[in-house]
Amino acid sequence: MSILVLENIHTYYGEIHALRGVSLSVEEGEIVTLIGGNGAGKSTTLNTISGLLQPRRGSIRLYNEDLSNFKAHEIVAKGVVQVPEGRRVFGRLTVAENLEMGAFTRPLRSEIAQSLEQVFTLFPRLKEREGQLAGTLSGGEQQMLAMGRALMAKPKVLLLDEPSMGLAPVLVDSIFDTIRKLHALGTTILLVEQNARMALQVADRGYVLQTGEIILTDKAAALRENESVQKAYLGVL
Amino acid sequence: MKTQPATVFQTSMRFGLIGGGAAVLFSLVGMVEVFGQRTIIGGVVSMGQAFVAIAMLLSAYAAARQLSSVSSSAMLTAGGLTGVTVGALLAALVLLGTSINIRDVFVSASPPLFELLSFGQSPVPGMLLLLVAGMTMGLAAAALLFLSPAMRSTAISVLLAVGVVGLLADLLRIIISQWAYVAPLVEWVFSGKGLSVPGALAIAAVVIGLDVLANRRRNKAHNLAALPATALQKRMRTGALMALLLVLPLLLGTYVSEVLDQVGLYVLMGLGLNVVVGFAGLLDLGYVGFFAIGAYVMGMLTSPELGLASLSWWSALPIAVGVTVLAGMLLGVPVLNMRGDYLAIVTLGFGEIIRLLALSDALRPWTGGSQGIQLIAKPVVGTVVLDDQLKLYYLILAGCLLAGFISSRLRDSRLGRAWMAMREDEDVAQAIGINLVATKLLAFSVGAAFGGLSGAIFAAKLGAIYPNSFGLLISINVLALLIIGGMGSIRGVIVGALVLVGLPELLREFAEFRLLVYGALLVMMMLYRPQGLWPEEARKLEAHGDGDNSNGDQTAAIPA
């Protein structure tokens, strides 16, 4: 069943019409990717879902519950958790503290400890650096931490905004490996990426966004073969 | 290695010019002369001379340390040369000042200044003496670097102890003569306005003795693998500290109690602003507004003069604090979406608005306008009226302890975590499920409550309040004491208040140069100790970590 459904979303920045009727859905356990060029509205879509931006029209539903009237922090508590673009870990807190902060909305200490174990299993490196200040981690480790922090909230849907941005190629591979692992564990993910090639490799389905509109949607494998997608986003001539 | 002489020369020149420039500046603004009236060791060193000596010592020490990897002769040369440079700049000042009249521009360039700088000699031998003094100080500073770390720290402690005791000689003399058994010591330790020579030697001996003992204990602890303090030890330490705080004003007399009261009021405000700025990261430049509201509400409710109400201090207190909390929320609402500089400007305006409202004629029936409010009630406990410094000290102490306790519990609470996350990154804080509106408003109201409490006590202490007691300078002072002590650190607030409020009160001559010293102190702090004098543990980690990437959004190219 669909966990998350967007219907005809219109979002504005002041007078600028950034999203022009975006509709999409995410099924349980699936990775859906949103690809598109600069300024197409990928991050705007994620920010609208997570409540950082208010849509002017349209509806967002999580398990058939309308999210429009909830504030950003309430949406997190409902299980839609975003990993913001550019990582943005709490640089002056330790790795462990960052992870604890991720579980801010959860009341039960025993469950939090369990999630912490899961995150450390997924990212053994974070366990090694538990007591270190997050600001002193490398870029790749910070991305792991940002993802771990989001997982601590036990998300029903994980929104990943450009996880590979600014990382060395080796690290990009390792981040996408992690996304695959999360997929295997059954996590539902909406992934926004500039690196369309990698995104379409891990995703089940994809949406192509152009100037605030969805122009194409299909199975990821089909999109990879699609000629216009290849030309525009995969660099195939 | 051919460049080595040039390096030595360049280094000495650089530090010498910085130190000399500072010494000349301090002379020209009048600090050296004013402090020349205070003696550290009677008939030997005055505070003014000590100032010059400190400039020489510090710059030579810095120069020599920079060359510590080259060779010991380079260090000595640099030390001496730096000292001589400082001396030469001062000598040039003496030459300039005694040959032409520069007093039209520099009011403080007075004959006593030059007499002091030339050690009471006529200019030419005086100038030579300055050079010799520079050389000696410089060599001594460089020589310090050859000592073992333990010995070096002992030497520095001795200098500091003699300096501080000498500086506060007047005050200490009065205090000690009140203690029956040790009173006879006074005549022996002090002479004139400073220490006597045997007194200085005795203090040096005591400091050395204590240092040796401390070192021995530390070595022993090392051997036993430095056990962490047990719960019992901690409790005993807290108990001892409490006992000390309770008897302190009794031992030190009225004047010091007055100073402690002021420090205490600033500690209260500091704890409040610490919640807003230190914990939650909301830069508030109008903090004095809450202090003023607390004081004014207390005045309005208790002063029979205005005829509004004449409650007792205690029954007015919850109202005063409550109104301040409300004001904190009211300020919070319009600035919810503001950050950084914008927030600072708006809060700055808030502080001024409160002061102007208090001053305004329209509100005269309630606030007394420029005449302020008199006859404010004193707190009464049982049958005791808290009407002097000593009794109020205990009230202020109780307030500080309460605020300190609340602060520390809040810091470790869920709310404290939310504040910390918000301070680090507002957007992400929201993205991990923190309610920004509630979190911000709570920060403002808790901060306001402490400020209001401080204001209410302040009003009772003076018995009268006037609008111009609530100027911008108070906000600046409170913020500066947070920076000096360590942003976000509760114990840092106390250290900061002692340094910024206590010291200037004890060194009355300072008052005139307060802002100059603040400025210099803040710049030095930012350069050499940005985490503050006594920071929280996490901040220490940050300052000594191998990379500072506080934004967390830069990327390291090398995969780790």
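Residue numbers (the working numbering), protein chains in the order written: chain Z, 1 to 237; chain G, 238 to 797. Each residue gets a CB set at the ideal place from its N, CA and C atoms; glycine is no exception. Values in this document were obtained by computation on a predicted structure and should not be read as measured data.
Item	Value
If you count every other CB in all the chains shown that lies within 10 Å of the CB of I16(Z), and 16 or more means buried, which is it?	exposed
Please confirm if R88(Z) has its CB atom under 8 angstroms from at least one CB of chain G.	yes
Taking C-alpha atoms, which residue in S264(G), L678(G) and S552(G) lies nearest to A564(G)?	L678(G)
What first and last residue would you give for the alpha helix (DSSP H) that runs through Y631(G)?	Q626 to R648
List, in order along the chain, the chain Z residues whose C-beta lies closer than 9 angstroms to that of Q667(G)?	S50, G51, L52, K71, A72, H73 and V76
Under 8 angstroms, Cβ to Cβ, is there at least one residue of chain G near L62(Z)?	no
With distances taken from CA atoms, which of G357(G), N511(G), P360(G) and L483(G) is nearest L719(G)?	N511(G)
Quick one: grab the DSSP three-state call for G221(G).	Residue 221(G) is absent from the structure shown; chain G starts at 238 and stops at 797.
Listed in chain order, which residues of the region 93 to 106 of chain Z have Cβ atoms closer than 7 angstroms to some Cβ of chain G?	L93, M101, G102, F104 and T105
Given S607(G), which residues of its chain have a CB within under 7 angstroms of its CB, disregarding the five upstream and five downstream residues?	L596 and P704
Taking C-beta to C-beta, are A748(G) and P741(G) nearer than 8 angstroms?	yes
On the criterion of 16 or more Cβ atoms from any shown chain inside 10 Å, does I590(G) qualify as buried, or is it exposed?	exposed
Look at the Cβ atom of F527(G), then the Cβ atom of G725(G), and state whether they are nearer than 8 angstroms.	no
Could you pull out every residue in the same chain whose Cβ sits closer than 7 angstroms to the Cβ of Q132(Z), ignoring the five residues on either side in sequence?	T94 and V95
Quick check on the DSSP output: what are the complete beta strand (DSSP E) runs of length 3 or more inside the region 339 to 409 of chain G, in order along the chain?	none
How is Q286(G) classed by DSSP in three states: helix, strand or coil?	helix
What runs of the alpha helix (DSSP H), each 4 residues or longer, lie entirely inside the region 22 to 65 of chain Z?	42 to 49
For P55(Z) and chain G, any beta-carbon pair shorter than 8 angstroms?	no
Buried or exposed for K42(Z), going by 16 or more other Cβ atoms inside 10 Å?	buried
Quick one: complete alpha helix (DSSP H) runs, 4+ long, within the region 425 to 485 of chain G?	434 to 460
Does any CB atom of chain G fall closer than 8 angstroms to the CB of A247(Z)?	Any property of residue 247(Z) remains undetermined from this structure, which presents chain Z solely from 1 to 237.
Consult DSSP for T491(G) and reduce its assignment to one of helix, strand or coil.	helix
DSSP three-state call for I727(G): helix, strand or coil?	helix
Check whether the Cβ atoms of L200(Z) and V81(Z) lie closer than 8 angstroms to each other.	no
Pull up the DSSP beta-bridge partners for H17(Z), would you.	Y12(Z)
Let me know if T539(G) comes out buried or exposed under the rule of 16 or more other beta-carbons within 10 Å of its beta-carbon.	buried
Can you give me the start and stop residues for the alpha helix (DSSP H) that L330(G) sits inside?	S309 to S336
For A315(G), which residues from the same chain have a beta carbon less than 6 angstroms from its beta carbon, with the 5 sequence-adjacent residues on both sides left out?	V245, T248, S249, A300, A301 and L304
Which value, in whole angstroms, describes the spacing of the CA atoms of Q611(G) and S549(G)?	15 angstroms
Do the CB positions of G206(Z) and P155(Z) come within less than 8 angstroms of each other?	no
Across which residues does DSSP place D161(Z) in a beta bridge pair?	V192(Z)
Which residue or residues does DSSP assign as beta-bridge partners of G206(Z)?	T33(Z) and D218(Z)
For the candidate residues G689(G), L652(G) and G684(G), whose alpha-carbon lies nearest to that of I802(G)?	Absent from the model: residue 802(G). The displayed extent of chain G is 238 to 797, so no value can be given.
Would you kindly work out how many angstroms separate the C-alpha atoms of R180(Z) and A221(Z), rounded to a whole number?	16 angstroms
Does any residue of chain G bring its CB to less than 8 angstroms from the CB of Q194(Z)?	no
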